[in-house]
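Enquirer: As you go down the protein sequences, you meet chains A and B in turn.
Counting from 1, position 568 in the first sequence corresponds to residue 569 in our numbering; the numbering is continuous, with no gaps.
Counting from 1, position 109 in the second sequence corresponds to residue 110 in our numbering; the numbering is continuous, with no gaps.
Backbone N, C-alpha and C define an ideal beta-carbon position, used for all residues, glycine too.
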Amino acid sequence: MTKVTGAQSLVNSLEAAGVDVMFGIPGGAILPAYDPIYDSKIRHILVRHEQGAGHAATGYAQATGRVGVCIATSGPGATNLVTPLADAQMDSVPIVAITGQVPGPAIGTDAFQEADIRGVTMPVTKHNYLITDPNDIPRAIAEAFHIASTGRPGAVLVDIAKDALQMETTFNYPKQVSLAGYNPVLEPKTQAISDAAALIAQSKKPVLYVGGGIIKANAAKELLLLAEITGAPVVTTLMARGAFPDSHPQHLGMPGMHGTVAAVTALQKADLLITLGARFDDRVTGKLSTFAPNAKVIHADIDPAEIGKNRHADVAIIGDLRNILIKLNPAVKAQFAKSAPDLTPWQNEVYTWRKNFPLGYDKPADGSISPQYVIERIGKISGPDTIFAAGVGQHQMWASQFIGYEKPRTWLNSGGLGTMGYAVPAAMGAKVGAPDTTVWAIDGDGCFQMTNQELVTCALNNIPIKVAIINNESLGMVRQWQTLFYNQRYSNTSLESKRIPDFKMLAEAMGCVGLRCDRPEDVDKTIEAAMAINDRPVVVDFSVFRDAMVWPMVAAGKSNDDITVVRSMAPVWDSQEL
Amino acid sequence: MALHTLAVLVENSPGVLARVASLFSRRGYNIDSLAVGPTENPKVSRMTIVLNLEGHALDQVSAQLFKLVNVIGISEMKLSDSLQRELLLVKVPANPITKEIAAKFNAIISDESDGSMSLEAVGEKASIEGLLAALKPHGIRELVQSGLVALERGASTLADRTLTTMGTANESNPDNKTADYQN
């Protein structure tokens, strides 16, 4: 075997793992790795902040289904990755982070740029490694990619001491990975499938409660089949937007805090939740003890720890969701052949709610642009093949509500951690993974100011994303809560970003095209102008109505029965039984 | 108090104790005692964890624990089906009364000097507590206790089941809690 450096072994391992692109920034401890990276066929994209590298890896992974890779140096380089690692882990996104560490003999001495990143990231990763022996590098990389991408996907960090990168070793990539303590169950048990099918056949008021797991498992096609076999209404959580076509007649939209009245109410009134890759998050359930009080629960998930974590499951199905649905669909079909439940009254009821309580918004009285309108128009003009990445806050909720999603992996957002600043770098990563697809970042003026420097990366590396800043000169969601719950005392939520910074100039300074729009009648032509630019990133500053709010809303900690359609207005129900 | 004892086989790798401790800390599970040591297999360590589970289901704790990549197998050690022992070393005044208590509880006098003695006792939690309660009125000067260790009764071993079987606790009826989590 020829001798190579640990660094060369690392790069060879990444190539062997199938990596085609990685996002990173060099620094002292990782520097040995950057020498072989210089010659590697792997495309390295030099970002401007490590957080950008992490979110870019996440955006890449969410858009493509492949493992995203980011790389940084020790100490601050590594700690800057903590937020994107936690973000990816919460949303079950497969990413691998490579970090340099101070040389082995210096570990534990508070050396320059030393941080115990394995210790720091232990609670926010699926697994992590500290490598001090160069012979361990190929195995660690192979395991990291295996762990990140299989089972419930997640974030894995491999921290490598600088001297391990410099020492000589032999490169020997393992053909297969075998871990004593890690064998995700992929095939569901037959009994679980038949128990589930039996429950479905008995249900008069079922709802398909669809989570992000359907997208992770590439099971959208199988889900569509189950929906059509059962006739059950479908709700898609924030992480599952696009898992089921918004245009489908059985779709009720998103459940939860800002879900549609029909989706929230259908869950509340259901007698059976067919839960597929969802985790009964508090933003979906509201006050847990009052969530879906009459429903039995089928809970299908690849992660056994999700079963019974928040809500008791009457039938648990552990396995890969695609495998589960491939078995469940014929089982349900067979049950229905014997006796199919009549869902007509239930369907009529939920579709009436959908008709009576559609999503909507008011035109601002002052003639300014409604933020929902901008987002809705971008969705319409750009179309369902577009990938949308949102930041976190009001614009995120509106982007979930008012863009129609028809396909998986077209809606990227930070659902679990709620990371402001996610949109621009995630859109960058998505565009790198899907260069022929239009990628829009729907961002807020607050979010944008956290990570916009990655537009420099985009401009220099021919990554022509489009960014819509929904500029309400506020931390809008926080302001909404101040309006509703803190007597309109707007403590520290005014960003004054219609005055400073000048987003158009800022965009141009970063090598992008900067556009501005502040009249409703200019919205379409501005979007069309942005759509026409494909050689550079485009940033559009949409100056929107400041006091627009996200509706419907279930206040934090309240029961989903207390949903309000607009401020202080609960739905007026036609049906007596509500 | 809802005490449960878990035997946990883990890979003998750096940081594994921190991973387990970090998991318990961040999910709010209370550890009553934790003992860890080598096993017959040099690649595997065994932890015995006594948990005080107020408001958490044992199955959920086991499932979360089993998600750690370095955790190979978990089994609940019930008092009825397992040997459970703690070690106590306690320093008390040496006099006829304390010596009588020591004899009654089968504690060994391991050291005696200057009117003080150190007792060594091995037993189930209840008997150790009994010994301490008896000694307390006579002046306990210092004590140290190990965490509880447990080994199931009978010929079956957690290690064998872990190495020879595949599949986790994966029941369609989650009420039917299986004790073992194995790979």
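Got a sec: is the Cβ-Cβ distance from R20(B) to anything in chain A below 8 Å?
Expert: One-based indexing of the second sequence puts residue 20(B) at position 19. For R20(B), the answer is yes, since a Cβ of chain A falls inside 8 Å of its Cβ.
Enquirer: How close, in whole Å, do the beta carbons of A427(A) and A390(A) come, if the pair is a contact with beta carbons under 8 Å?
Expert: Mapped onto the first sequence, residue 427(A) falls at position 426. Mapped onto the first sequence, residue 390(A) falls at position 389. The pair is a contact, with the Cβ atoms about 4 Å apart (cut-off 8 Å).
Enquirer: Using the beta-carbon count (16 or more within 10 Å), is G7(A) buried or exposed?
Expert: The count along the first sequence starts at 1 and reaches residue 7(A) at position 6. Counting Cβ neighbours within 10 Å, G7(A) comes out buried, since at least 16 surround it.
Enquirer: Is the region 53 to 64 of chain A touching the region 107 to 122 of chain A, taking contact as three or more C-beta pairs under 8 Å?
Expert: As far as the Cβ criterion goes, the region 53 to 64 of chain A does not touch the region 107 to 122 of chain A, which means the pair count is below three.
Enquirer: Can you tell me which of the three DSSP states N31(B) falls into?
Expert: For the purposes of this step, residue 31(B) is taken as the residue at position 30 of the second sequence. Strand at N31(B).
Enquirer: With a threshold of 8 Å, are at least 3 pairs of Cβ atoms found where one atom belongs to the region 180 to 195 of chain A and the other to the region 314 to 329 of chain A?
Expert: Yes, the region 180 to 195 of chain A is in contact with the region 314 to 329 of chain A.
Enquirer: I believe K270(A) touches K206(A) by the beta-carbon criterion, under 8 Å. Please report the beta-carbon distance rounded to the nearest angstrom.
Expert: Numbered from its first residue, the first sequence carries residue 270(A) at position 269. Numbered from its first residue, the first sequence carries residue 206(A) at position 205. 6 Å between Cβ atoms; contact.
Enquirer: Quick check: the Cα distance between T80(A) and S93(A), rounded to an integer number of angstroms?
Expert: Position 79 of the first sequence, counted from the first residue, corresponds to residue 80(A). Position 92 of the first sequence, counted from the first residue, corresponds to residue 93(A). Rounded to the nearest angstrom, the two C-alpha atoms are 20 Å apart.
Enquirer: Tell me the start and end of each unbroken alpha helix (DSSP H) in the region 425 to 502 of chain A that is at least 4 residues and wholly inside, in chain order.
Expert: Within the region 425 to 502 of chain A, the complete alpha helix (DSSP H) runs of at least 4 residues are 446 to 452, 455 to 461 and 477 to 486.
Enquirer: Figure out for me which residue from D542(A), D164(A) and Q177(A) has the closest Cα to the Cα of H147(A).
Expert: Translated into the one-based positions of the first sequence, residue 147(A) becomes position 146. If we check each option's Cα against that of H147(A), Q177(A) comes out closest.
Enquirer: In its own chain, which residues sit with a C-beta less than 6 Å from the C-beta of P43(B), not counting the 5 before and 5 after it?
Expert: If you number the second sequence from 1, residue 43(B) lands on position 42. Taken in chain order, the list of residues that qualify is empty.
Enquirer: Any C-beta of chain B within less than 8 Å: which residues of the region 156 to 187 of chain A qualify?
Expert: Answer set for the region 156 to 187 of chain A: L180, A181, G182, Y183, N184 and V186.
Enquirer: Quick check: V567(A) and N561(A), are their CB atoms within less than 8 Å of each other?
Expert: On the first sequence, position 566 is the one that residue 567(A) refers to. On the first sequence, position 560 is the one that residue 561(A) refers to. Not a contact, by the Cβ cut-off of 8 Å.
Enquirer: By the three-class DSSP mapping on this structure, what secondary structure does N53(B) have?
Expert: As a working mapping, residue 53(B) is identified with position 52 in the second sequence. Looking at N53(B) - three-state DSSP - the assignment turns out to be strand.
Enquirer: Can you give the Cα-Cα distance for P135(A) and M168(A), rounded to whole angstroms?
Expert: To locate residue 135(A), count along the first sequence from 1; it is residue 134. To locate residue 168(A), count along the first sequence from 1; it is residue 167. Computed Cα separation, rounded: 7 Å.
Enquirer: Measuring CB atoms only, is the region 68 to 84 of chain B touching the region 8 to 18 of chain B, in the sense that at least three cross pairs come out at less than 8 Å?
Expert: The answer is yes - the region 8 to 18 of chain B touches the region 68 to 84 of chain B, with three or more Cβ pairs under 8 Å.
Enquirer: Can you tell me whether H56(A) is helix, strand or coil according to DSSP?
Expert: Counted from its first residue, the first sequence places residue 56(A) at position 55. H56(A) falls in the helix class under three-state DSSP.
Enquirer: Return no unless some Cβ of chain B is closer than 8 Å to the Cβ of K310(A).
Expert: The sequence position of residue 310(A) within the first sequence is 309, counting from 1. Yes, K310(A) counts as interfacial toward chain B.
Enquirer: Can you tell me whether DSSP reads S173(B) as helix, strand or coil?
Expert: Within the second sequence, numbered from 1, the residue matching residue 173(B) stands at position 172. Caution is warranted here: a pLDDT of 40 is assigned to S173(B), below 50, making its placement in the model unreliable, and no coordinate value can be reported.
Enquirer: So, with DSSP's three-state summary, where would you put M48(B)?
Expert: Taking the first residue of the second sequence as position 1, residue 48(B) is located at position 47. Reduced to three states, the DSSP call for M48(B) is strand.
Enquirer: Hey, would you say V48(A) sits closer than 8 Å to G25(A), going by beta carbons?
Expert: Residue mapping note: residue 48(A) aligns to position 47 of the first sequence, counting from 1. Residue mapping note: residue 25(A) aligns to position 24 of the first sequence, counting from 1. The answer is yes: Cβ separation under 8 Å.
Enquirer: Any chance you could list the beta strand (DSSP E) runs of at least 3 consecutive residues sitting entirely within the region 312 to 366 of chain A, in chain order?
Expert: Segments of the beta strand (DSSP E) lying fully in the region 312 to 366 of chain A: 316 to 319.
Enquirer: Whole angstroms is fine: what's the gap from Q454(A)'s alpha carbon to G260(A)'s?
Expert: Here residue 454(A) corresponds to residue number 453 of the first sequence, with the count starting at 1. Here residue 260(A) corresponds to residue number 259 of the first sequence, with the count starting at 1. Looking at the two C-alpha atoms, the distance is approximately 33 Å.
Enquirer: Checking the sheet assignment: what are the DSSP bridge partners for K92(B)?
Expert: As a position in the second sequence, residue 92(B) is number 91, starting the count at 1. According to DSSP, which records beta bridges pairwise, K92(B) is partnered with S119(B) and E143(B).
Enquirer: DSSP three-state label for P207(A), please.
Expert: On the first sequence, residue 207(A) is found 206 positions in, with the first residue counted as 1. Note: P207(A) maps to strand in three-state DSSP.
Enquirer: To the nearest angstrom, how far is it from the Cα of S81(B) to the Cα of V51(B)?
Expert: Taking the first residue of the second sequence as 1, we reach residue 81(B) at position 80. Taking the first residue of the second sequence as 1, we reach residue 51(B) at position 50. The straight-line gap from Cα to Cα measures roughly 15 Å.
Enquirer: Need the endpoints of the alpha helix (DSSP H) that N13(A) sits in, please.
Expert: Locating residue 13(A) in the first sequence gives position 12, where the first residue counts as 1. Per DSSP, N13(A) belongs to the alpha helix (DSSP H) from G7 to A17.
Enquirer: Could you tell me the alpha carbon to alpha carbon distance between S10(A) and T438(A), rounded to whole angstroms?
Expert: Looking up residue 10(A) in the first sequence gives position 9. Looking up residue 438(A) in the first sequence gives position 437. Approximately 34 Å between the Cα atoms of the pair.
Enquirer: Provide the residue span of the beta strand (DSSP E) that contains M23(A), from first to last.
Expert: Along the first sequence, read from residue 1 onward, the residue named residue 23(A) stands at position 22. Taken as a continuous stretch (DSSP letters only), the beta strand (DSSP E) holding M23(A) covers V22 to G25.
Enquirer: Identify the contact partners of I75(B) in chain A, using a Cβ-Cβ distance below 7 Å as the criterion.
Expert: As a first step, residue 75(B) must be located in the second sequence, where it is residue number 74. Under the 7 Å cutoff, chain A gives no residues; its nearest Cβ is about 10 Å from I75(B).
Enquirer: Tell me, please, whether the CB atom of S173(B) is closer than 8 Å to any CB atom in chain A?
Expert: Along the second sequence, read from residue 1 onward, the residue named residue 173(B) stands at position 172. Annotation note: pLDDT 40 at S173(B) (below 50); position unreliable, no value reported.
Enquirer: At which residues does the beta strand (DSSP E) containing Q102(A) begin and terminate?
Expert: On the first sequence, position 101 is the one that residue 102(A) refers to. Note, Q102(A): beta strand (DSSP E), I96 to Q102.
Enquirer: Taking three-plus beta-carbon pairs below 8 Å as touching, is the region 265 to 281 of chain A in contact with the region 371 to 382 of chain A?
Expert: The region 265 to 281 of chain A is not in contact with the region 371 to 382 of chain A.
Enquirer: Which residue's Cα is closest to the Cα of L274(A): T237(A), N357(A), D304(A) and P246(A)?
Expert: Counting from one through the first sequence, the residue named residue 274(A) turns up at place 273. Cα-wise, what sits closest to L274(A) is T237(A).
Enquirer: Take every Cβ of the region 24 to 32 of chain B, pair it with every Cβ of the region 82 to 100 of chain A, and state whether three or more of those distances are shorter than 8 Å.
Expert: No contact exists between the region 24 to 32 of chain B and the region 82 to 100 of chain A.
Enquirer: Please determine, among G214(A), L200(A), D519(A) and E509(A), the residue with the shortest C-alpha to C-alpha distance to K582(A).
Expert: In the structure displayed, chain A extends from 2 to 579; residue 582(A) sits before or after that span and is not available.
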